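All residue numbers for the sequence shown refer to UniProt numbering, where the first residue is 1 and numbers rise by one.
Note that CB positions come from ideal geometry on N, CA and C, so glycine has one too.
Please read these numbers as outputs of a predicted model, since none were measured by experiment.
These notes are about the structure you will find just below.
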Amino acid sequence: MSTPAIRTHGLVKRYGRFEAVKGIDLEIRAGEVFGFLGPNGAGKSTTIRVLLDEIRPTAGRAELLGLDSRRDAVEIHRRIGYLPSDLALYPKMTGRDTLRFFGGLRGGVDQSYVGELVDRFDADLDKRTGELSTGNRQKIGLILAFMHRPELVIMDEPNAGLDPLVQHQFQQLVRETVAEGRTVFLSSHTLSEVQRVADRVGIIRDGHMVAVEDIDDLRAVRRVDLLLDPQPRAVDFEALAGARDVVVADHRVHLSFDGELGALLEAVTARYRILDLSASDADLEEVFLAFYRDSR
Ligand SMILES: Nc1ncnc2c1ncn2[C@@H]1O[C@H](COP(=O)(O)OP(=O)(O)OP(=O)(O)O)[C@@H](O)[C@H]1O
């Protein structure tokens, strides 16, 4: 097994008495795209800021590229790319000067690759960054995160303010990055933003990881609609393993089902006559929202 790109052990972060991150164990594999998803205030930025050594964990520790997040912070920053949620650029510098300045700090950045990224994102390099729109500033941030072809790219809300064409370019860049064996870790509130690129998603809520799933497994969940006789009772379905989000209306039952459909049908026909049936792939956003809502 190769060294994980990121690993955390019982990560805890308290702000005063408030515990924002409550013991997170994460393992991000080298060469994957990992989507770190959760609602506002769930603890995503706090976790990322601990990884980057911007803030110190209250307990636990983290390793990036096999290095200790605190002791080896300088080497880690040299080897990774980072797009923070609150991207701070020098507002009086133009985009061109900004790329030159940070490229110079890194040393030996491949200028033809930087030029390629600028073209792909159609970045405006002539304006001062303080005068750029949110999305156009974000493009500069993305180029800064990718321009040195880092082994690991960590991005906090990278899609913020990007129009669909730019998002498409961004997704392609992410796929190319992992095709080269490098790793991408990105946070978002919305599954739809990451489902096209992520191999796995981790869902964080109230400072806890509530699920880590392969995108393909999430896709395996089916949305099932049944028309039954006699009138169905919700409890008969809620008790079934793999059934979720059961809604009964008159003779109809709607549910999400994660399992073998044969087993579901067997359980249903034991009690009811099936008058009509349809099963379709669940809307991924729906599955994701179910994770948001489910009590632990
Ligand atoms: N410096 C701070 N001092 C006190 N509380 C903080 C601080 N930073 C964050 N918090 C709290 O910690 C919790 C987690 O915040 P965090 O920014 O990590 O969430 P998030 O998942 O990134 O949310 P969002 O999607 O809204 O950016 C929130 O309740 C927030 O109010």
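With the cut-off set at 7 Å, would you say Val74 and Thr47 are in Cβ contact? With contacts defined by Cβ atoms closer than 7 Å, Val74 and Thr47 do not form a contacting pair.
Where does Ser133 fall in DSSP's three states? Residue state, collapsed to three classes: coil.
Buried or exposed (CB count within 10 angstroms, at least 16 for buried), Val246: By the neighbour-count rule (16 or more Cβ atoms within 10 Å), Val246 is buried.
Following the continuous alpha helix (DSSP H) through His77, name the residue where it begins and the one where it ends. 73-79 is the extent of the alpha helix (DSSP H) around His77.
Identify whether residue 349 lies in helix, strand or coil by the three-state DSSP scheme. Lying before the first or after the last residue shown, residue 349 is absent from the chain, which here runs from 1 to 296.
Can you name, in chain order, every residue of its own chain whose Cβ lies under 6 Å from the Cβ of Arg34, other than the five neighbours on each side? The sequence shown places Phe at residue 34, rather than the Arg named in the question. Correct list, in chain order: Ile28, Phe185, Arg200.
6 Å Cβ shell around Ile61 - same chain, five flanking residues per side excluded: First, the residue type needs correcting, since residue 61 is Arg and not Ile in the sequence shown. Contacts found: His9.
Collapsed DSSP secondary structure at Arg196 in the structure displayed: Coil.
Between the Cα of Asp156 and those of Leu226, Arg78, Gly43, spot the shortest distance and give me the residue it belongs to. In terms of Cα proximity to Asp156, the closest of Leu226, Arg78, Gly43 is Gly43.
Range of the contiguous beta strand (DSSP E) that encloses Glu180: Per DSSP, Glu180 lies in no beta strand (DSSP E) segment and is marked neither H nor E.
Measuring only the C-alpha atoms, how far is Leu173 from Asp258? Cα-Cα distance, rounded: 32 Å.
Report yes if the C-beta of Thr46 is less than 6 Å from at least one heavy atom of ligand 1; otherwise report no. Proximity of the beta carbon of Thr46 to ligand 1 is indicated: a heavy atom of the ligand is located closer than 6 Å.
Could you name each continuous beta strand (DSSP E) segment of 3 residues or more that falls completely within the region 137-167, going from the start of the chain to the end? Complete beta strand (DSSP E) runs here, min 3: 152-156.
Is it the case that the Cβ atoms of Val153 and Gly81 are separated by a distance below 7 Å? Annotated as proximal: Val153 and Gly81, with beta-carbon spacing under 7 Å.
Is Arg70 helix, strand or coil by DSSP? Arg70 falls in the coil class under three-state DSSP.
State buried or exposed for His148, treating a residue as buried only when at least 16 other CB atoms are found within 10 Å of its CB. Classification of His148: buried, given that the 10 Å Cβ count is 16 or more.
Does the region 82-92 touch the region 115-130, meaning 3 or more C-beta pairs lie closer than 8 Å? Two segments are said to touch when three or more pairs of C-beta atoms, one from each, lie closer than 8 Å; by this definition the region 115-130 touches the region 82-92.
Length of the line joining the Cα atoms of Thr183 and Gln111: Using only the alpha carbons, I get a separation of about 22 Å.
Can you check the region 186-259 for any alpha helix (DSSP H) of at least 4 residues that lies completely inside it and give the ranges in chain order? Restricted to the region 186-259, the alpha helix (DSSP H) segments that are unbroken, complete and at least 4 residues in length are 191-194, 215-219, 234-238, listed in chain order.
Using the C-alpha atoms, what's the distance from Thr177 back to Ala5? Straight-line Cα distance between these residues: approximately 14 Å.
Would you check if the distance between the CB atom of Val251 and the CB atom of Leu265 is smaller than 7 Å? According to the sequence provided, residue 251 is His. The question's Val does not apply to it. No, Cβ-Cβ distance for His251 and Leu265 is not below 7 Å.
Please confirm whether any heavy atom of ligand 1 lies closer than 6 Å to the CB of Ala211. If you check the C-beta of Ala211 against ligand 1, you find no heavy atom less than 6 Å away.
For Ser280 and Asp216, what's the separation of their Cα atoms in angstroms? Computed Cα separation, rounded: 15 Å.
In this structure, how does DSSP classify Ser280 when only helix, strand and coil are distinguished? The three-state secondary structure of Ser280, taken from DSSP, is strand.
Any non-hydrogen atom of ligand 1 closer than 6 Å to Gly141 Cβ: No, Cβ of Gly141 sits at least 6 Å from all heavy atoms of ligand 1.
Presumed contact (8 Å Cβ cut-off) between Val248 and Ala234, rounded CB distance: Rounded, the Cβ-Cβ distance is 5 Å, consistent with contact.
Ser295: buried (16+ other C-beta within 10 angstroms of its C-beta) or exposed? Residue confidence for Ser295 is low, a pLDDT of 42 falling below 50, so the modelled location carries little weight; the figure read from the coordinates is stated next. So Ser295 ends up on the exposed side.
Distance CB(Ser69)-CB(Ala30) smaller than 7 Å: No, the Cβ-Cβ distance between Ser69 and Ala30 is not below 7 Å.
Run through DSSP, which three-state label would Gly10 get? Secondary structure at Gly10: strand, using DSSP grouped into helix, strand and coil.
By the 10 Å Cβ neighbour count, where 16 or more other Cβ atoms means buried, how is Thr134 classified, buried or exposed? Around the Cβ of Thr134, a 10 Å sphere holds fewer than 16 other Cβ atoms; the residue is exposed.
Could you spell out the range, first to last residue, of the alpha helix (DSSP H) harbouring Gly262? Here the alpha helix (DSSP H) through Gly262 covers 261-269.
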